[in-house]
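Asks:
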Amino acid sequence: MFKKRLNDNMHRSIVLAKGGRYWVYAFLFAKKDRENISPDELAAFKKLAKAYEGMTASEVDTALRNGDLTEICHGDQAKI
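Everything in the sequence shown is counted per this note's numbering, starting at 19 for the first residue and increasing by one.
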């Protein structure tokens with residue numbers, strides 16, 4: 019899990035990642051609206067990252083087909 023700076027450092031994204039297979043962007047916020055996430059939010063995102071880490075490829079594919087996750091490829095929504 020890490021925080022990624024976007025748009026010339028004007029926005030932040032919380033990224034939950036699983037090495038090599040996929041990255042999950044979980045939260046996006048403007049730096050002007052809030053400085054950071056709270057300790058409780060950090061703990062919740064870490065728990066969520068563990069849950070994504072435990073998903074099988076089949077579970078991820080099902081979540082994509084059901085619309086629970088959206089795949090983004092170079093800024094465009096992928097067609098499944």
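Positions of the beta carbon are idealized from the N, C-alpha and C atoms, including for glycine.
1. With respect to the alpha helix (DSSP H) encompassing Arg-83, which residues constitute its N-terminal and C-terminal limits?
2. Taking buried to mean at least 16 other C-beta atoms within 10 Å of its own C-beta, is Ile-98 buried or exposed?
3. Do you know offhand how far Ile-55's Cα is from Leu-82's?
4. Would you mind working out which of Asp-51, Lys-68 and Tyr-40 sits nearest Ile-90, comparing C-alpha positions?
Replies: In brief:
1. Working through the sequence shown from its first residue, we reach residue 83 at position 65. First-last of the alpha helix (DSSP H) with Arg-83: 75-84.
2. By one-based count along the sequence shown, residue 98 stands at place 80. In this prediction, Ile-98 scores a pLDDT of 49, lower than 50, which makes its location untrustworthy; the coordinate-derived value is nonetheless stated afterwards. It is exposed - the Cβ of Ile-98 has fewer than 16 other Cβ atoms within 10 Å.
3. Position 37 of the sequence shown, counting from 1, holds the residue named residue 55. Position 64 of the sequence shown, counting from 1, holds the residue named residue 82. Going by the C-alpha atoms only, they are around 27 Å apart.
4. Translated into positions along the sequence shown, residue 90 becomes position 72. Comparing Cα-Cα distances from Ile-90 to each of Asp-51, Lys-68 and Tyr-40, the minimum goes to Tyr-40.
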